[in-house]
Amino acid sequence: MIEIARTRRTSSASASLFFERWCAIETHPEWAPSMEYFRLSEPFGVGARGVLKAVGGHESPFRITAVGPGFVYADTTELDAAELTVHHEAVEGLDGTEVTLSAWLDGPGEAQLARGMSAEVQRSLERDLASLAALLEG
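Residue numbers for the sequence shown follow our numbering, so the first one is -3 and each next one is one higher.
In structure tokens, the structure reads:
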């Protein structure tokens, strides 16, 4: 497993608001400018499968790999030579909600994929978190 991206932000929005938006799969493109769509083919929950499409990319299968405890959500996209997991976590603190997004690759092609996609995934996570925070704080 190779971590390829991580971003963190403190927000005035509650952890529950972040969690609600993460779990509303169909709304991801509203705040994730890198994504064209997410579509589940079964009811929401850990193990649920669907397809997603990044802007300029091709459709890929994904599955929900974490929901809670607390305000945690993760999904894993199946790529040709590895899986890409994006983990979302929000924790209430004294100075606001600490929100962390991280992404890692796992599989036989993880090293090669990491070299080619780390910078873009980092930029995407930063843009997505900034956009969602602005939406929830506004």
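Glycine included, every Cβ here is placed at the ideal spot set by N, Cα and C.
Contact between the region 4 to 17 and the region 30 to 42 is absent, with fewer than three C-beta pairs closer than 8 Å. In this structure the region 109 to 128 lies against the region -3 to 9, because at least three pairs of beta carbons, one per stretch, are closer than 8 Å. Three or more beta-carbon pairs drawn from the region 76 to 89 and the region 102 to 113 are found closer than 8 Å, and the two stretches are therefore classed as touching. In the displayed model, Pro25 falls within a helix according to three-state DSSP. By DSSP's assignment, Phe15 forms no beta bridge with any residue. The shortest C-alpha to C-alpha distance from Glu94 to any of Gly43, Ala9, Thr61 is the one to Ala9.
Nearest to Val42 by alpha-carbon distance, out of Glu26, Pro25, Ile60, is Ile60. In the three-state reduction of the DSSP assignment, Asp76 falls in the coil class, being assigned neither a helical nor a strand state.
Between Glu85 and Ile(-2), the gap from beta carbon to beta carbon reaches 8 Å or more. Relative to Ala44, the option among Val51, Leu36, Trp18 whose CA is nearest is Leu36. Here Val51 is exposed: its Cβ has fewer than 16 other Cβ atoms, across all protein chains shown, within 10 Å. In this structure, the beta-carbon distance from His24 to Phe40 does not fall below 8 Å.
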